[in-house]
Amino acid sequence: MEVTLDETERLESVLKKFRRQITKAGLFQDMKRKRFYESPAVQRRRKSKAARRRKRTS
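Position one of the sequence shown corresponds to residue 19 (this note's numbering), numbered consecutively onward.
Next up, the structure:
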């Protein structure tokens with residue numbers, strides 16, 4: 019991820035852009051998920067639960 023910083027731009031706005039890009043790319047949730055080890059059984063359970071949720075909402 020890369021955010022360009024203009025001379026007139028404030029640091030807060032640049033951080034906001036960076037956070038928005040990370041959230042849009044899904045990196046933040048991926049980092050949270052990979053923070054701890056997740057067994058294959060738990061991975062399957064999480065994926066099937068997400069698939070059921072997607073199917074129900076569509």
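Glycine included, every Cβ here is placed at the ideal spot set by N, Cα and C. None of these values were measured; they are calculated from a predicted model.
Let me know the secondary structure DSSP gives residue i once reduced to three states.
i   : result
L23 : coil
S76 : coil
R28 : coil
Suppose the cutoff is 7 Å on Cβ atoms and the five residues either side in sequence are ignored; what does the same chain contact list for residue i look like?
i   : result
V32 : V21, L23
R74 : none
Mind checking which residues open and close the alpha helix (DSSP H) that includes residue i?
i   : result
K52 : Premise fails: K52 is in no alpha helix (DSSP H) and is neither H nor E.
Can you find the residues in the same chain that come closer than 6 Å, C-beta to C-beta, to residue i, ignoring five residues on each side of it along the sequence?
i   : result
Q47 : none
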